[in-house]
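Each step along the first sequence adds one to the number in the UniProt record's numbering, with nothing skipped, and position 621 is 621.
Step one of this worksheet: look at the structure below.
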Amino acid sequence: MPVARPESSDARIIAHVDMDCFYVQVEQRKQPKLRGQPTAVVQYNSWKGGGLIAVSYEARKYGVKRSMRGDDAKQVCPQIQLVQVPVARGKADLSIYRNAGSEVVSILARKGRCERASIDEVYLDLTDAVEAMLAETPPESLETIDEEALKSHVLGFNEDGNDFKEIVRQWICRNDADHRDKLLACGAIIVAELRLQVLKETEFTCSAGIAHNKMLAKLASGMNKPAQQTVVPFSSVMGLLEPLPIKKMKQLGGKLGSALQVELGVNTVGDLLRFSEEKLQERYGINTGTWLWNIARGISGEEVEGRLLPKSHGSGKTFPGPRALKTMASVEHWLNELCEELSERLHSDMDQNKRIAHTITLHARAYKCGDSDSHNKFPSKSCPLRYGTAKIQEDALNLFQIGLREYLGSYRVKTKGSQNNGWGITALSVSASKIVAIPSGTRSIMKYFHGQDQSHFSSKQPNDRCIQAAPSSPSGSESYSGLHLTEQEIDLCGDEPRIEYAMPILDQLEHKRRMWEEQDTCLMVRSADSQDPSHSSRKVQDRVTRETSPVPSSGTESCLLPKQNEPQTEFHGEESRIKHAMRSVKPQEQKRKRLKEKGTSSILRFFQSRNSCSSSKQEHFESVREIKASSCSGVQSIGESCNEMIKDQLPQETPVAEIGTNSGTYSLGQDEQRRDAWSYKMDEIDPKVVNELPPEIQEELWAWLRPHKRPNIAKRGSSIAHYFSPAKST
DNA sequence: ACGGTTGGAACA
DNA sequence: TTGTTCCAA
Numbered sequence: 001m002p003v004a005r006p007e008s009s010d011a012r013i014i015a016h017v018d019m020d021c022f023y024v025q026v027e028q029r030k031q032p033k034l035r036g037q038p039t040a041v042v043q044y045n046s047w048k049g050g051g052l053i054a055v056s057y058e059a060r061k062y063g064v065k066r067s068m069r070g071d072d073a074k075q076v077c078p079q080i081q082l083v084q085v086p087v088a089r090g091k092a093d094l095s096i097y098r099n100a101g102s103e104v105v106s107i108l109a110r111k112g113r114c115e116r117a118s119i120d121e122v123y124l125d126l127t128d129a130v131e132a133m134l135a136e137t138p139p140e141s142l143e144t145i146d147e148e149a150l151k152s153h154v155l156g157f158n159e160d161g162n163d164f165k166e167i168v169r170q171w172i173c174r175n176d177a178d179h180r181d182k183l184l185a186c187g188a189i190i191v192a193e194l195r196l197q198v199l200k201e202t203e204f205t206c207s208a209g210i211a212h213n214k215m216l217a218k219l220a221s222g223m224n225k226p227a228q229q230t231v232v233p234f235s236s237v238m239g240l241l242e243p244l245p246i247k248k249m250k251q252l253g254g255k256l257g258s259a260l261q262v263e264l265g266v267n268t269v270g271d272l273l274r275f276s277e278e279k280l281q282e283r284y285g286i287n288t289g290t291w292l293w294n295i296a297r298g299i300s301g302e303e304v305e306g307r308l309l310p311k312s313h314g315s316g317k318t319f320p321g322p323r324a325l326k327t328m329a330s331v332e333h334w335l336n337e338l339c340e341e342l343s344e345r346l347h348s349d350m351d352q353n354k355r356i357a358h359t360i361t362l363h364a365r366a367y368k369c370g371d372s373d374s375h376n377k378f379p380s381k382s383c384p385l386r387y388g389t390a391k392i393q394e395d396a397l398n399l400f401q402i403g404l405r406e407y408l409g410s411y412r413v414k415t416k417g418s419q420n421n422g423w424g425i426t427a428l429s430v431s432a433s434k435i436v437a438i439p440s441g442t443r444s445i446m447k448y449f450h451g452q453d454q455s456h457f458s459s460k461q462p463n464d465r466c467i468q469a470a471p472s473s474p475s476g477s478e479s480y481s482g483l484h485l486t487e488q489e490i491d492l493c494g495d496e497p498r499i500e501y502a503m504p505i506l507d508q509l510e511h512k513r514r515m516w517e518e519q520d521t522c523l524m525v526r527s528a529d530s531q532d533p534s535h536s537s538r539k540v541q542d543r544v545t546r547e548t549s550p551v552p553s554s555g556t557e558s559c560l561l562p563k564q565n566e567p568q569t570e571f572h573g574e575e576s577r578i579k580h581a582m583r584s585v586k587p588q589e590q591k592r593k594r595l596k597e598k599g600t601s602s603i604l605r606f607f608q609s610r611n612s613c614s615s616s617k618q619e620h621f622e623s624v625r626e627i628k629a630s631s632c633s634g635v636q637s638i639g640e641s642c643n644e645m646i647k648d649q650l651p652q653e654t655p656v657a658e659i660g661t662n663s664g665t666y667s668l669g670q671d672e673q674r675r676d677a678w679s680y681k682m683d684e685i686d687p688k689v690v691n692e693l694p695p696e697i698q699e700e701l702w703a704w705l706r707p708h709k710r711p712n713i714a715k716r717g718s719s720i721a722h723y724f725s726p727a728k729s730t
């Protein structure tokens with residue numbers, strides 16, 4: 001019975017790069033005498049020596065483990081060097097590690113689409129680079145193979161120590177090798193180079209996995225650490241997975257994995273093979289069921305997202321046990337500290353990446369005397385984010401009070417007097433999300449934010465190269481004034497109808513375009529930056545033209561990638577374009593994925609370029625647009641009137657914005673942020689009008705109009721998304 | 001009542 | 001959409 005076979009459907013080359021005990025390495029670079037010594041990084045050493053969050057490999061030999069306390073580590077390994085995480089504002093400050101991670105990402109992003117998966121992990125889609133290499137300088141043509149590449153572990157080939165490198169050399173250079181193996185071999189060479197480059201430029205070592213999808217690459221990167229790489233040839237996939245405990249699989253380390261063990265007696269991935277897709281769907285939902293069925297067979301269509309920057313920033317702290325906060329004053333104090341850090345990071349992000357966050361969310365954990373399971377019920381609250389430390393602090397405190405009232409309300413306790421009725425706060429965190437790129441044409445806004453000094457905004461390619469994740473700067477100072485985003489945006493948006501069913505698409509587009517231009521014109525009048533409004537109008541038009549034109553299907557590179565990646569796509573002719581299309585897992589999958597693909601969808605960008613607010617109330621345009629609002633209804637009890645805000649923050653004579661793209665750079669961030677809104681809107685479009693569009697746009701649109709995902713019918717919620725149904729003949 | 005902090009994502 | 005929950009490191 002034939003089943004879906006990855007070799008015919010997924011010829012991507014994916015790498016997962018994992019830094020070795022990253023925090024330790026960062027500290028060792030700072031303090032070279034620690035190199036080679038058993039070392040661990042701890043945070044807060046006051047209680048039992050602090051908690052270990054990273055352990056060097058030397059220390060691991062002694063049995064030191066993460067999640068030990070510092071004191072325990074000392075017992076097992078008396079000579080261990082414990083380094084403390086920096087503390088700022090009374091809390092752990094991870095910024096040095098975050099920034100070190102950015103250094104690494106900026107190097108790894110040079111060779112292909114790059115996704116920052118965590119502070120110390122990265123996925124790379126090397127497919128294009130590998131195919132280019134195979135076409136130009138295939139491994140068998142190389143007289144010497146990189147030493148680092150020869151040290152690769154190739155599952156199923158050189159795992160048994162003898163003649164290690166020679167076997168790898170033969171595997172890499174085999175002329176009659178499976179095409180997929182050749183691609184992997186190229187991937188191994190490229191990854192080896194990248195890892196060397198990382199070492200050279202950052203002094204950090206890392207490990208890597210090279211495989212045909214993210215799941216396998218991730219598995220492989222952890223198999224030989226530190227500072228080694230592991231290749232998963234297709235022929236070794238089953239041998240790898242079958243004996244593997246399911247809990248080792250990403251996404252199965254938690255409750256779902258436990259459920260599989262308890263409910264189905266599944267302990268290894270191989271055990272999963274015994275269950276039909278239907279059976280798995282029945283028990284775990286249609287999406288999760290399909291996903292399980294697939295991963296048991298090494299199939300995973302998950303794409304590498306081109307994203308070098310985090311989607312949110314957060315700052316939090318726990319107050320365990322006796323340290324729980326019992327007074328509003330202490331809560332306010334800590335909230336202020338957290339907000340200060342958050343504000344600083346938001347400022348840096350805006351500074352370096354030209355992005356603005358639009359939502360602030362407060363999370364807390366609380367307990368109530370007498371109630372054992374009371375600690376998870378503190379509701380999180382969010383509201384529009386206003387820039388400026390004091391405003392963030394104010395809003396956060398308000399959100400907390402709203403949450404506290406609700407929390408205590410369920411206990412029918414008077415909040416009056418705010419004196420302790422037995423509650424305590426054991427965790428607080430403030431985070432900022434919905435981070436959207438500021439269009440490159442709004443430099444004047446940036447200027448406003450920073451007074452007249454625009455020197456640090458001189459980058460010609462915002463969002464492209466700059467991947468720093470908000471390094472610290474001296475705190476406290478707010479050199480910019482707030483950008484106030486409130487519900488007035490919703491009101492403004494309320495005027496605009498959703499996409500009308502009856503209106504032909506082209507008319508809809510035209511309608512959008514006019515709205516855009518109105519807005520643009522209106523703003524132009526106020527913009528002191530642009531002397532010639534028509535100039536800007538033309539720019540808008542230029543962009544429309546540019547963005548509507550079809551993009552090469554091989555051009556899947558993220559806009560976030562450095563420009564030097566682009567030439568890679570240029571020597572891809574029609575031939576490889578077809579190949580590119582064919583290597584997609586399944587047409588259905590590809591189409592769905594395209595929804596998520598930021599760089600490829602011409603229609604997406606076409607729409608997005610002029611949908612200023614109907615779908616998302618937090619478009620960056622509105623940050624500009626709001627200044628025109630005569631009134632606003634901020635979130636209840638939070639915020640102030642717009643008039644005040646305008647007076648406060650945007651003096652009339654201040655040049656406000658120049659909307660339009662002056663450099664042709666269209667930031668990916670925007671696309672990314674608007675994706676969801678768009679897929680939602682698209683569902684409302686009458687399919688009939690699609691026929692009016694040019695063929696290439698039609699094709700994309702049809703993909704959009706299809707449901708992205710089947711509704712989940714199982715009791716157990718699926719936590720896994722965007723996986724495809726394999727071709728399976730039954 | 002503790003590994004903590006941070007981030008991403010799905011789902012209702 | 002917001003808030004909750006889960007997952008991972």
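All residues carry an ideal CB built from backbone N, CA and C; glycine is no exception.
Quick one: which unbroken beta strand (DSSP E) runs of 3-plus residues sit fully inside the stretch 96-145? Chain order, please. 113-118 and 121-125
Kindly indicate which three-state DSSP category residue 731 falls into: helix, strand or coil? No information on residue 731 is available, as it lies outside the stretch 1 to 730 that the chain covers here.
Near P243, what residues of its chain come up, given a Cβ to Cβ distance below 7 Å and the 5 sequence neighbours on each side ignored? Mapped onto the first sequence, residue 243 falls at position 243. Contacts found: T268 and G270.
Any contact between the stretch 422-441 and the stretch 304-313? By contact I mean 3 or more CB pairs, one from each, below 8 Å. yes
Determine the extent of the alpha helix (DSSP H) in which M238 is found, giving its start and end residues. Here residue 238 corresponds to residue number 238 of the first sequence, with the count starting at 1. Here the alpha helix (DSSP H) through M238 covers V237 to L241.
Unbroken beta strand (DSSP E) run spanning K368, endpoints: Sequence index remark: in the first sequence, residue 368 carries index 368 (1-based). Where K368 is concerned, the enclosing beta strand (DSSP E) stretches over R355 to K368.
Indicate the three-state DSSP secondary structure (helix, strand or coil) for T327 in the structure shown. For the purposes of this step, residue 327 is identified with residue 327 of the first sequence, where counting begins at 1. It is coil, neither helix nor strand.
Please state whether DSSP places K74 in a helix, a strand or coil. On the first sequence, residue 74 is found 74 positions in, with the first residue counted as 1. In this structure, K74 counts as helix in the three-state DSSP scheme.
Starting from the Cα of E406, find the closest Cα among K377, Q393, I425 and C383 and give me that residue. Locating residue 406 in the first sequence gives position 406, where the first residue counts as 1. Nearest of K377, Q393, I425 and C383 to E406, Cα basis: K377.
For the alpha helix (DSSP H) that contains G422, what are its first and last residues? Start at 1 with the first residue of the first sequence, and residue 422 comes out as number 422. No alpha helix (DSSP H) contains G422, which DSSP labels as neither H nor E.
DSSP state of A11, grouped into three classes? One-based indexing of the first sequence puts residue 11 at position 11. Here A11 sits in coil by DSSP.
Assuming contact is defined by CB atoms lying nearer than 8 Å, are E277 and G289 in contact in what I supplied? If you number the first sequence from 1, residue 277 lands on position 277. If you number the first sequence from 1, residue 289 lands on position 289. Yes, these two residues count as a Cβ contact at 8 Å.
Can you name, in chain order, every residue of its own chain whose Cβ lies under 6 Å from the Cβ of I13, other than the five neighbours on each side? Position 13 of the first sequence, counted from the first residue, corresponds to residue 13. If we look at I13 and ignore the five residues flanking it on each side, its Cβ neighbours are L126, T127, V130, L183 and G187.
Measuring CB to CB, does L260 end up less than 8 Å from A296? Numbered from its first residue, the first sequence carries residue 260 at position 260. Numbered from its first residue, the first sequence carries residue 296 at position 296. Their beta carbons are not under 8 Å apart, which means L260 does not touch A296 by this criterion.
Contact under 8 Å by Cβ, E115 with E305: Here the question's residue 115 lines up with position 115 in the first sequence. Here the question's residue 305 lines up with position 305 in the first sequence. A contact, by the Cβ cut-off of 8 Å.
Of all the options K61, W423, H347 and D18, which has the alpha carbon lying nearest to the alpha carbon of T327? In the first sequence, counting from the first residue as 1, residue 327 sits at position 327. Ranking K61, W423, H347 and D18 by Cα distance to T327 puts W423 first.
Measuring alpha carbon to alpha carbon, tell me which of P86, P226, A117 and D93 ends up nearest K250. As a first step, residue 250 must be located in the first sequence, where it is residue number 250. That would be A117, whose Cα lies nearest to the Cα of K250.
Thinking L219 and L240 are a contact (beta carbons under 8 Å), I'd like their distance in whole angstroms, please. By 1-based counting over the first sequence, the position of residue 219 is 219. By 1-based counting over the first sequence, the position of residue 240 is 240. That pair is a contact at about 7 Å.
Helix, strand or coil at H179 [DSSP, three-state]: Counting from 1 along the first sequence, the entry for residue 179 is found at position 179. In the structure shown, H179 sits in a helix (DSSP, three-state: H, G or I).
So C173 is in the alpha helix (DSSP H); what residue range does that whole segment cover? Residue mapping note: residue 173 aligns to position 173 of the first sequence, counting from 1. From DSSP, the alpha helix (DSSP H) with C173 extends over F164 to C173.
Using the Cα positions of C173 and A135, report the straight-line distance between them to the nearest angstrom. Numbered from its first residue, the first sequence carries residue 173 at position 173. Numbered from its first residue, the first sequence carries residue 135 at position 135. Spanning the two alpha carbons is a distance of roughly 14 Å.
Can you check which of these residues, P139, L338 and Q281, is closest to N175 by C-alpha distance? Here residue 175 refers to the residue found at position 175 of the first sequence. Residue P139 is the option with its Cα nearest to N175.
Coil, strand or helix - S152 by DSSP: Counting from 1 along the first sequence, the entry for residue 152 is found at position 152. Correct three-state label for S152: coil.
Closest residue to S380 among E193, K368, R195 and A396 (Cα-Cα distance): Here residue 380 corresponds to residue number 380 of the first sequence, with the count starting at 1. The residue with the shortest Cα to Cα distance from S380 is A396.
Three-state secondary structure (DSSP) at I190? For the purposes of this step, residue 190 is taken as residue 190 along the first sequence, with counting starting at 1. It is helical.
For the beta strand (DSSP E) holding G285, just list the boundary residues, first then last. The count along the first sequence starts at 1 and reaches residue 285 at position 285. G285 -> no beta strand (DSSP E), and no H or E assigned at all.
Indicate whether L428 and A364 have their beta-carbon atoms separated by less than 8 Å. Reading the first sequence from its first residue, position 428 is the one you call residue 428. Reading the first sequence from its first residue, position 364 is the one you call residue 364. Going by C-beta atoms, L428 is nearer than 8 Å to A364.
Using DSSP with H/G/I as helix, E/B as strand and the rest coil, what is C206? The sequence position of residue 206 within the first sequence is 206, counting from 1. Of the three classes helix, strand and coil, the one that applies to C206 here is strand, per DSSP.
Hey, could you find the ends of the alpha helix (DSSP H) S258 is sitting in? The residue labelled residue 258 in the question sits at position 258 within the first sequence. Here the alpha helix (DSSP H) through S258 covers K255 to L264.
Report yes or no: do the stretch 73-89 and the stretch 41-61 share at least 3 C-beta pairs separated by less than 8 Å? yes
Neighbourhood of K165 by C-beta, 6 Å cutoff - its chain only, sequence neighbours within 5 removed: Position 165 of the first sequence holds residue 165. Excluding sequence neighbours, K165 sits near L150.
Suppose the cutoff is 7 Å on Cβ atoms and the five residues either side in sequence are ignored; what does the same chain contact list for K247 look like? As a working note, residue 247 is residue 247 in the first sequence. Result list for K247: G253 and G257, in chain order.
Go ahead and pull the three-state DSSP assignment for S343. Residue mapping note: residue 343 aligns to position 343 of the first sequence, counting from 1. Correct three-state label for S343: helix.
Does the beta-carbon of E201 have 16 or more other beta-carbons within 10 angstroms, so that it is buried, or is it exposed? Walking along the first sequence from the start, residue 201 turns up at place 201. Exposed.
Going by the CB atoms, is the gap between L342 and S382 shorter than 8 Å? Numbered from 1 along the first sequence, position 382 holds the residue referred to as residue 382. Numbered from 1 along the first sequence, position 342 holds the residue referred to as residue 342. No; because the gap between Cβ atoms is not below 8 Å, this pair is not in contact.
Is it right to say N162 is buried, meaning 16 or more other beta carbons lie within 10 angstroms of its own, or is it exposed? In the first sequence, residue 162 corresponds to position 162, counting from 1. Label assigned to N162: exposed.
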